[in-house]
Ligand SMILES: Nc1ncnc2c1ncn2[C@@H]1O[C@H](COP(=O)(O)OP(=O)(O)O)[C@@H](O)[C@H]1O
Ligand SMILES: [Mg+2]
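Chains as they are written, first to last, in the numbering used here: chain W, 18 to 764; chain F, 6 to 81; chain C, 6 to 81; chain B, 135 to 363.
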């Protein structure tokens, strides 16, 4: 090639690599691999693909510990999304991804484009998205900043999913101080595809054409996601702002239908979405996966702004774009379908056998990089973990230490993380697509009808960062078990797991320790549940000068169930018996109540996985048998909160006594009422049906019955006694606190 | 070429939900003494001639049942 | 009282999805020769003083990251 | 009865509508097909659904762009000839924008998108879509929209009311958007064109919690065979 001038694209200065986030060592390595210094285009491309976000340089070694194989796995980590077999020739594709830093800067667009991005990962497999879930974390809901973030994020998620016609069927929202400046926005997408029509992202076939289609390429997010996702946010945020990406769900709706028609017509060799690092990453990874080379001519890319530099075109993160490899004879048909769907398209390059990534501008070479150097050349780092000796997060008191049990029960129901999120979920279209059997808030897991294979799936997403902060290993096991428990109450068995690891700066020993222990916990729980991890995402550097976020592994799980008509819900009836099932051994450690008392500290009690798994299986089978009307797992706020939520859902109270728990466990009266931990289920229904669950090797106790208009729970000398109405008022109190100062203007 | 600006506002007497939402948010943000907030749309465009702008507004840019419009042009 | 009018437009270089969609639809509607369509918002209000209008725009009416705003006032 | 379900770029609920037409017709394969927005030949179709969604992204104003599509011109002719046309949500907005139905739909009073199950009371309108329902009957149908606040200026509203063009009202306490007179759906003067904001196509299968929407899709066929509820 003609040696391009290193100064031409505007980087030139020798230390530019530092501004782009590369270390001196990494820069030297690049020079060594290339045998020369990179020019501006090349440096921009390297800086993005060698960023944390694309190269996983601080997490890749650890991720290798996760179990990824199983009889139902169709696609595992390494593809745009994972996929599991659902029978009758169909697969379910799914993945969760973060958009934390973009949402901290611009919540509406950040969340919207987060949804758009995860949709494209599933679309890229050739799947049709059928559901979205979201897992959100904010600071306490008493600041203007939190109100602004919640308002924007919730509207952004709704805006994108609703406009696309993909139902948002579930999710979770926690409010904890460490997320105040650095909220978490994780979105999960679930799609369905014919297994034999799914496409991989690998480029193949020398001479095949590379087609870019979708939105025009503009200056959106230049240096955006990658830089934003790899550097701590600080006071200088404003400088990063002009690179905000804007989402256009209308464009993506057309793109989805267009991709579906292209695949149905068997017109594509491979398909890839454009996400972080834009063309550089999608074309580079396509070539890498296919062991090919690739030529891209930036002069052929349809632009929104005429005067863009080659490096800008190569790293632009304009949304709603896809890249396809197409046989030359099918190019015309592909472009015609794009025209039908009113979406821009162009042949921008070709697959080669050179093993290099060549960037041209109107035929002239402006950059040339070995694919291996770009995609796999980034050094992977070992972490230097060190367990912190103390609780490193602050914890303020929000409940009097002498509050009585009834007041505590109400305070827990009103606690932002526990309180009803209906005001948020009602902003999401949860029914479009005609598959939604159970949406968010109706059961612990959402259930979707899959008539294609004559069964249903259940999906859940979970991750209590506070408990993980107390003990990353145990806390992550619990998050995974909770997902499985949520599936069990609708009668579903896990098929596969996706996850998003949201952590602080891994170069800090304490964070490194959290990350390592959390991955160990995830691996152990998934292995025990025989639920392989088929995909995921890692989001590091979630910290601000105020410190890191709680370590927050968000676990997404997909399971299957034979008969959606036999799903247990939350509506119990007067006269039903109530049972507590499972090895639940409550403790205040890491609980919602301990947080409110300002007493959080290190450590969670160790609980074995096997008995929890047995309880999960027992509940699942009981629900499948159709005898159980009402089931929920015991989670945030303990048994009393779980009972209260059921009472609120049906408008009928209960009278219970936790004496059997006190007799069986070494816990205090307060632990029994409000303690948390894995392995507890509340079931309600006919006494004779419930009693069938006894004597099966899983702890089982009848604790009371459904009756009256009060929630009454006795535990030794303590008694909770609140009116269902009062409980409901507390439970529904969050909306007014959140929305007071928002006009909801941005569209 | 003509540079045109079309201002589209909710008709007088129709509840302007967005305007009301802005007004509702003001006190909590500490803004006093602001009232009669109305939110509308602005469409800016370049047209070869002014002839059909009125028609464009009537047909597409505004819905005369609920919106008033006003065309401002700068011939360039 | 001051009568103020705030024009809010997508920033130069930022994707204007609405403008693009409208422009794309025009030929099919029989409108030719219209280009550079940009769609924004207009907020009209009455304020006791001009002092905090700028802050109001920054905080509530516009999103300075992706939108430019322009305040026009008529003292009445 | 063979239905055509319009499909615009940005339609979302067209497959749901197709599904509802098929279930209403007893499950045969030929009872509904998608009609691409550029199609103008509606021959062979006995009824039209303009489905929900965000045609053209709802940019500018919900329904404002879609109403100019070639298919909508054909639908206007179809309606003028007395053919049954059902507009759901965005489809209702498109029918209002195109003048086939009276009134307009404004941003919800609370400005936000809202999705929830709610009750509707059947109105007095004389429409083939209401053949299987009785006036004052309450049905449970999901609502989901951001711009669903029905509005008509006073004289027009009087006319709609006195002509008995109100097909559905939100039941007391269920008005999700501030619609005038709790109006959830209206017909044209002839009654063959019906638009409503709630989504009957999402209430046709038992698992969704209500099958009350089926009657609306079955109405025209019942009317054609002279059946009544
Ligand atoms: N925490 C994780 N667990 C399992 N797989 C992961 C995890 N993080 C990333 N992966 C996998 O690594 C690959 C690259 O991820 P990512 O860069 O997010 O993909 P994309 O560029 O398609 O969005 C994907 O196949 C993803 O599933
Ligand atoms: Mg991808």
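Just so it is clear, CB atoms sit at the ideal spot from N, CA and C, and this is done for glycine as well. Since the model is a prediction, treat every value here as computed from it, not as a measurement.
Buried versus exposed, by CB contacts within 10 Å (16 or more), residue i
i             : result
residue 308/B : buried
residue 352/B : buried
residue 466/W : buried
residue 55/C  : exposed
residue 726/W : exposed
residue 612/W : buried
residue 554/W : buried
Own chain partners of residue i with C-beta closer than 8 Å, once the 5 adjacent residues on each side are dropped
i             : result
residue 756/W : 164, 168 and 440
residue 313/B : 282, 283, 284, 285, 304 and 331
residue 365/B : Shown here, chain B extends from 135 to 363; a query on residue 365/B therefore has no answer.
residue 19/F  : 71
Same chain, Cβ closer than 7 Å to residue i, five either side skipped, listed in chain order
i             : result
residue 66/F  : 11, 13, 48 and 74
residue 269/B : 256, 257 and 258
residue 664/W : 670, 671, 728, 741 and 744
residue 46/C  : 13
residue 63/C  : 69
residue 212/W : 91, 102, 106, 107 and 108
residue 433/W : 157, 158, 192 and 751
Alpha-carbon to alpha-carbon, residue j and residue i
i             : j             : result
residue 244/W : residue 38/W  : Low confidence applies here, because residue 244/W scores a pLDDT of 43, under 50, leaving its location unreliable; read the following figure in that light. If I take the Cα positions, the gap works out to 7 Å.
residue 205/W : residue 69/C  : 29 Å
residue 22/W  : residue 394/W : Bear in mind that a pLDDT of 38 at residue 22/W, under 50, signals an unreliable position, so the number given afterwards is only what the model happens to contain. One C-alpha to the other measures close to 24 Å.
residue 354/B : residue 192/B : 29 Å
residue 502/W : residue 544/W : 16 Å
residue 429/W : residue 694/W : 16 Å
residue 497/W : residue 26/F  : 41 Å
residue 96/W  : residue 39/F  : 54 Å
residue 378/W : residue 158/B : 57 Å
Beta-carbon contacts of residue i that lie in its chain and below 6 Å, excluding the five residues immediately before and after
i             : result
residue 358/B : none
residue 643/W : 583
residue 44/C  : 23 and 24
residue 414/W : 615
residue 24/W  : Low local confidence applies: a pLDDT of 35 at residue 24/W is under 50, so the model's placement there is unreliable, with the coordinate-based value given in what follows. No residues qualify anywhere along the chain.
residue 556/W : 115, 117 and 519
residue 161/B : none
residue 136/W : 146 and 206
Residue i versus the options, residue with shortest Cα-Cα distance
i             : options                       : result
residue 445/W : 236/B, 191/B, 280/B and 147/B : 280/B
residue 272/W : 742/W, 686/W, 337/W and 228/W : 337/W
residue 231/W : 466/W, 429/W, 275/W and 728/W : 275/W
residue 608/W : 562/W, 598/W and 619/W        : 619/W
residue 114/B : 144/B, 174/B, 149/B and 173/B : Beyond the ends of chain B as shown, which are 135 and 363, falls residue 114/B; an answer cannot be given.
residue 48/W  : 386/W, 496/W, 747/W and 703/W : 386/W
residue 639/W : 671/W, 661/W and 598/W        : 598/W
residue 401/W : 531/W, 705/W and 155/W        : 531/W
residue 765/W : 33/W, 315/W and 120/W         : Outside the shown range of chain W (18 to 764) lies residue 765/W, about which nothing can therefore be said.
residue 348/W : 365/W, 195/W, 62/W and 403/W  : 365/W
residue 490/W : 749/W, 353/W and 537/W        : 537/W
residue 645/W : 631/W, 605/W, 701/W and 666/W : 701/W
residue 371/W : 161/W, 223/W and 330/W        : 223/W
residue 384/W : 760/W, 151/W, 322/W and 327/W : 327/W
C-beta neighbour in chain D for residue i, strict 8 Å
i             : result
residue 322/W : Judged by its chain identifiers, the structure shown contains no chain D, and its protein chains are W, F, C and B.
Within 8 Å, strictly: CB atoms of residue i and residue j
i             : j             : result
residue 202/B : residue 329/B : no
residue 139/B : residue 183/B : yes
residue 225/W : residue 344/W : yes
residue 191/W : residue 566/W : no
residue 234/W : residue 330/W : yes
residue 675/W : residue 724/W : no
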